[in-house]
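In the numbering used here, each residue's number is its place in the sequence shown (first place is 1) plus 26.
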Amino acid sequence: MAREIHILWTDDEIDLLQPYILFLREKGYRISTAANGNDALRMVEQNDFDLIFLDENMPGLSGLQTLEQIKNISPGVPVIMITKSEEEDIMDEAIGSKIADYLIKPVNPNQILLVIKKNIDTRRLVTRKTTSAYQTQFSQIGTQISLASDFNDWTELYRKLVFWERELENSDNEGMEGILKQQKTEANLSFSKYIRNNYINWFGLNEKEHPLLSPALFQQKLFPHLNHHKVFLLLIDNLRFDQWKVLEEEISSLYRVEEETLYCSILPTATQYARNALFAGLMPGEIATRYPAYWVDEDDEGTKNQFEEELLREQMQRLGIKKSLFYEKVSNQRAGKKLVDEFKNLLNYDLIVLVYNFVDMLSHARTEMNIIRKLTYDEPSYRSLTRSWFMHSYFKDLLKLLAEQDVKVIITTDHGATRVSNPVKVIGDRKTSTNLRYKQGKNLNYNPKDVFEITRPEWIHLPKLNVSSSYIFAYPEDYLVYPNNYNQFVNYYRNTFQHGGISLEEMLIPCISLVPNV
């Protein structure tokens, strides 16, 4: 049953307003009244009102004076100012004091009802409409999950799931959100089966018969634009599709989306593998063979993706692309500000590649810092923090500058992340990789039903440290934990965002081509 909306109506002629009050009570609203500002303030201190009607012209405390004190007591409650005056300065002062709306006397019941619905009922009405719309789609989505047979089916389904996830996020219907979550879990399990049954086969097919994978992304979605434009590639590490949709809303006044592609990250969905594959235009095993100086093995010291610029130059040379290149990794605000300050210098290059690590750092910080855990306790809050970063970042400032130039802007990522909740035991020696969503090593001990196992890494073009090396990949919501200190690690990593394994969120990731709104 919906909670009763509680409204306070303050007017020194409140007795004359009884017909309006009766009208609203018949509509199901709970109405309290006050005849002056002081009474209204006492009632605001003692009650949680959903909305306040406030007469501007009252003896004693005026409406504006009462409004100021109401905002000190309960700043979030919407206040509707009612006045006999149409003087502009009074309205400017009222609006400056953050009223939600105003009405000019005489008012009629329908005006009152409309302003209530506008300020209070809108969310409830949106919830009802959204819930109804999702209910009509529920069976269709279920059918799509059961019938999805190729990569295009999965990208279409994932787009739909993300759309409804964000629609229901803005509603108050927790029941429907729970149903969608179950449906998304079902989709992820079916997607895992699809990957298990098809992933190895993709590497025996020609390019047209498998999805767009990490090594081919630059060749298909980036380099062709160099024939006509300077190109700015903005790579945001660890960016999920739902996070991109948040950013899309914020840049809609600057850009329109020319093309939105969901491509497939290779396994492991981790920076060392997926991002190096992007820059090299090769699978990791091929990088290790062709350019051993640029490949850092799991058990070697040093950053695993420190040769991105070199790998990109090698790829451009192989493809005969003779364009000038600027590459920069942006890992803090200082580096972002420097790029904005020196923006004009960037325009001297044909291809400008900027790698932003904030979202990846957010994911790791959420694991390691309690305050970030509390701020990003679920997917909606994870998206919200991404929005907050963008709104206060130099990345946003750079996009504003680029919107004024005749350049092509492409936003992409190397892999996504998924929230894990189910621990899976794995035993390995001390050289086994430490990632929670995949393991590489020899003599790995695990239940084959719990993971996607690759006993011969060459099948999927991955390097191996020794003859008996193998890889295992976690399924959605799983994370791989050693038996030593099992309970400690299980509790520490549960409900954290991780990457490296198989899930819609990690593997189906965006590549966006933008056009300025001119």
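Think of the CB as a built atom: it goes at the ideal place given N, C-alpha and C, for glycine as much as any other residue.
Item: Alpha carbon to alpha carbon, what distance is there between residue 37 and residue 214?; Value: 57 angstroms
Item: With the cut-off set at 7 angstroms, would you say residue 300 and residue 440 are in Cβ contact?; Value: yes
Item: Check whether the Cβ of residue 324 lies closer than 6 angstroms to any heavy atom of the ligand GDP, and answer yes or no.; Value: With respect to the ligand GDP, the structure offers nothing, as it holds no ligand at all.
Item: Can you give me the Cβ contacts of residue 251 inside the same chain, cut-off strictly under 6 angstroms, excluding the 5 residues immediately before and after it?; Value: 257, 434
Item: What number of angstroms, rounded off, separates the C-alpha of residue 102 from the C-alpha of residue 544?; Value: 37 angstroms
Item: Along the alpha helix (DSSP H) that carries residue 272, what are the first and last residues, could you check?; Value: 267-277
Item: Can you confirm whether the segment 361-368 touches the segment 320-339 when touching is taken to mean that 3 or more C-beta pairs between the two stretches lie within less than 8 angstroms?; Value: no
Item: Which first and last residues belong to the beta strand (DSSP E) in which residue 415 is found?; Value: No beta strand (DSSP E) contains residue 415, which is instead part of the alpha helix (DSSP H) from 405-417.
Item: Just the Cα atoms here: how many angstroms apart are residue 341 and residue 317?; Value: 11 angstroms
Item: Which residue's Cα is closest to the Cα of residue 308: 488, 63, 62, 125?; Value: 488
Item: Assuming residue 140 is part of the beta strand (DSSP E), what are its boundary residues?; Value: Careful: residue 140 lies outside any beta strand (DSSP E), inside the alpha helix (DSSP H) at 135-142.
Item: Using the DSSP secondary-structure output, state which residues sit across from residue 466 in a beta bridge.; Value: 497
Item: Quick check on residue 218: buried or exposed, where buried means 16 or more other Cβ atoms within 10 Å of its Cβ?; Value: buried
Item: Mind checking residue 344: buried by the 16 CB within 10 Å criterion, or exposed?; Value: exposed
Item: Once the 5 residues before and after residue 267 are set aside, which same chain residues still bring their CB inside 6 angstroms of it?; Value: 188, 536
Item: In whole angstroms, what is the alpha-carbon distance linking residue 139 and residue 109?; Value: 17 angstroms
Item: Less than 7 angstroms separating the beta-carbons of residue 366 and residue 259?; Value: no
Item: Distance, Cα to Cα, residue 531 vs residue 480?; Value: 21 angstroms
Item: How is residue 75 classed by DSSP in three states: helix, strand or coil?; Value: coil
Item: When DSSP labels each residue in this structure, what does residue 445 get in the three-state scheme?; Value: strand
Item: Hey, residue 66 and residue 34 are a contact pair by Cβ (cut 8 angstroms); roughly how many whole angstroms apart?; Value: 7 angstroms
Item: Whose CA, out of 534, 349, 72, 541, lies closest to the CA of residue 177?; Value: 534
Item: Alpha helix (DSSP H) containing residue 190: first to last residue?; Value: 177-195
Item: Expressed to the nearest angstrom, what Euclidean distance is found between the alpha-carbon atoms of residue 392 and residue 415?; Value: The pLDDT assigned to residue 392 is 46, lower than 50, so where the model puts this residue is not dependable; a value taken from the coordinates is nonetheless given after this. Roughly 14 angstroms between the two C-alpha positions.
Item: Could you check the C-alpha separation between residue 141 and residue 278 for me, to the nearest Å?; Value: 29 angstroms
Item: Tell me which residues share the same chain as residue 467 and place their Cβ nearer than 7 angstroms to its Cβ, disregarding the 5 neighbours each side in the sequence.; Value: 454, 455, 457, 458, 459, 495
Item: Measuring only the C-alpha atoms, how far is residue 97 from residue 47?; Value: 24 angstroms
Item: I'd like the span of the beta strand (DSSP E) that includes residue 542, first residue to last.; Value: 534-542
Item: Under a three-way DSSP split, which group does residue 312 fall into?; Value: helix
Item: Does residue 99 pass the burial test, meaning 16 or more other C-beta atoms within 10 Å, or should it be called exposed?; Value: exposed
Item: Measure from the alpha carbon of residue 451 to the alpha carbon of each residue in 445, 444, 230, 462, then state which is nearest.; Value: 462
Item: Cutting at 8 angstroms between CB atoms, please list the residues of its own chain near residue 209, excluding the five before and the five after it.; Value: 164, 167, 168, 171, 187
Item: Do residue 526 and residue 464 have their beta-carbon atoms positioned less than 7 angstroms apart in this structure?; Value: yes
Item: Give me the Cβ distance between residue 146 and residue 76, rounded to the nearest whole Å; I'm assuming they're in contact under 8 angstroms.; Value: 5 angstroms
Item: Let me know the beta strand (DSSP E) ranges lying completely inside the segment 219-266, each 3 residues or longer, listed in chain order.; Value: 256-262
Item: With a cut-off of 8 angstroms on the beta carbons, I'd call residue 540 and residue 368 a contact; round off their distance for me.; Value: That pair is no contact at about 22 angstroms.
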